[in-house]
């Protein structure tokens, strides 16, 4: 069983601010790491899957990096918009998928 | 390509009853995972099925069980319901070809009175 920690638990930013949050996980037996975005009243949706140490992925204003040796991943949002408000979940995939508790982001207009 | 479907979407039961939830994965996906989400908690892993076999199991009591059929549809059952079982139950259809990327259904909101 992997212990997955995400920080901060919640974050309130103003529209236009850039922000980032962290996912940390045990680095042994690493296979892949997934980031999901979960908007209220919707289902979680996949953002990125990352597999290699040093991986960087980008989708629009959102990007992520991965360090498998030290067991962490960062998710960055540049120029936050109200529609970015959601809970962001990370899930390292070893033999199974275990999700962190998520970071709840609120972007105020 | 049809997405993941879950039925029912909402359910109200009383303590002591049992409930069965259903999930149909994306066509061609043979693996299904179930999660429970309660207020203030993240997604808690229940179990995963692959080709009709339970492949992984989370840390839930034996009252929680599941199965998968030959067409990959999956059901989960909770017996002797407790108030604490009130939660959103999400099913995910797993893509083996994409490092187990998961595609989630809309969930079943279970309320136990």
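Chains as they are written, first to last, in our numbering: chain H, 905 to 1013; chain F, 322 to 434. All C-beta atoms, glycine included, are put in the ideal place defined by N, C-alpha and C. What you are looking at is a predicted structure, and each value in this text was computed from that prediction instead of being measured.
Report back the beta-carbon spacing between residue i and residue j to the nearest angstrom; my notes put them in contact at under 8 Å.
i: residue 1003 of chain H; j: residue 975 of chain H; result: Rounded, the Cβ-Cβ distance is 16 Å, inconsistent with contact.
i: residue 353 of chain F; j: residue 415 of chain F; result: 7 Å
i: residue 350 of chain F; j: residue 393 of chain F; result: 6 Å
Give a single yes or no on whether residue i has its beta carbon closer than 7 Å to a heavy atom of the ligand MN.
i: residue 434 of chain F; result: The ligand MN is absent from the structure shown, which contains no ligands of any kind.
Please report the distance separating the alpha-carbon of residue i from that of residue j.
i: residue 990 of chain H; j: residue 374 of chain F; result: 34 Å
i: residue 983 of chain H; j: residue 961 of chain H; result: 17 Å
i: residue 915 of chain H; j: residue 1012 of chain H; result: 11 Å
i: residue 410 of chain F; j: residue 335 of chain F; result: 17 Å
i: residue 427 of chain F; j: residue 921 of chain H; result: 31 Å
i: residue 431 of chain F; j: residue 401 of chain F; result: 14 Å
i: residue 927 of chain H; j: residue 365 of chain F; result: 17 Å
i: residue 421 of chain F; j: residue 371 of chain F; result: 12 Å
i: residue 419 of chain F; j: residue 997 of chain H; result: 11 Å
i: residue 339 of chain F; j: residue 919 of chain H; result: 46 Å
i: residue 330 of chain F; j: residue 412 of chain F; result: 12 Å
i: residue 345 of chain F; j: residue 325 of chain F; result: 6 Å
i: residue 905 of chain H; j: residue 423 of chain F; result: With a pLDDT of only 45 at residue 905 of chain H, under the threshold of 50, the placement of this residue in the model should not be trusted, and no figure is reported.
i: residue 977 of chain H; j: residue 964 of chain H; result: 18 Å
i: residue 390 of chain F; j: residue 1008 of chain H; result: 36 Å
i: residue 907 of chain H; j: residue 994 of chain H; result: 12 Å
i: residue 966 of chain H; j: residue 953 of chain H; result: 13 Å
i: residue 405 of chain F; j: residue 333 of chain F; result: 13 Å
i: residue 337 of chain F; j: residue 403 of chain F; result: 7 Å
Please list, in chain order, the chain F residues whose beta carbon lies closer than 9 Å to that of residue i.
i: residue 935 of chain H; result: 420, 421
Please state if the CB of residue j and the CB of residue i are separated by a distance shorter than 8 Å.
i: residue 933 of chain H; j: residue 979 of chain H; result: no
i: residue 362 of chain F; j: residue 1005 of chain H; result: yes
i: residue 959 of chain H; j: residue 951 of chain H; result: no
i: residue 279 of chain F; j: residue 343 of chain F; result: A question about residue 279 of chain F goes unanswered here, because the residues of chain F that appear run from 322 up to 434.
i: residue 931 of chain H; j: residue 972 of chain H; result: yes
i: residue 955 of chain H; j: residue 936 of chain H; result: yes
i: residue 948 of chain H; j: residue 942 of chain H; result: yes
i: residue 368 of chain F; j: residue 387 of chain F; result: yes
i: residue 408 of chain F; j: residue 327 of chain F; result: no
Who are the neighbours of residue i on chain F, taking C-beta pairs under 7 Å?
i: residue 938 of chain H; result: 422
Could you tell me which chain H residues have their CB closer than 8 Å to the CB of residue i, listed as they occur along the chain?
i: residue 411 of chain F; result: 947, 948
i: residue 382 of chain F; result: None at all; the shortest Cβ gap to chain H is about 17 Å.
i: residue 366 of chain F; result: 1000, 1001, 1002, 1003
Which residues in chain F have a C-beta closer than 8 Å to the C-beta of residue i? List them in chain order.
i: residue 925 of chain H; result: Neighbours of residue 925 of chain H on chain F: none; closest Cβ ~14 Å, over 8 Å.
Can you list the residues of chain H that residue i reaches, using a CB-CB cut of under 7 Å?
i: residue 385 of chain F; result: Residues of chain H passing the Cβ test: none, with the nearest at roughly 16 Å.
i: residue 427 of chain F; result: 947
Residues, ordered as in the chain, of the stretch 945 to 972 of chain H that lie near chain F by beta-carbon distance below 7 Å | Here the close residues are 947, 948, 950, 953, 955.
Closer than 9 Å, Cβ to Cβ, to anything on chain F: give me those residues from the stretch 909 to 923 of chain H, in chain order.
-> Only 910 from the stretch 909 to 923 of chain H bring a Cβ to less than 9 Å from some Cβ of chain F.
Interfacial residues, the stretch 333 to 364 of chain F to chain H, with Cβ spacing under 8 Å = Within the stretch 333 to 364 of chain F, the residues whose Cβ lies closer than 8 Å to any Cβ of chain H are, in chain order, 354, 356, 362, 363, 364.
Quick one, which residues of the stretch 970 to 1004 of chain H are near chain F if we go by CB-CB under 9 Å, in chain order?
-> When CB distances to chain F are screened at a threshold of 9 Å, the residues of the stretch 970 to 1004 of chain H falling below it are 991, 993, 995, 997, 999, 1000, 1001, 1002, 1003, 1004, in chain order.
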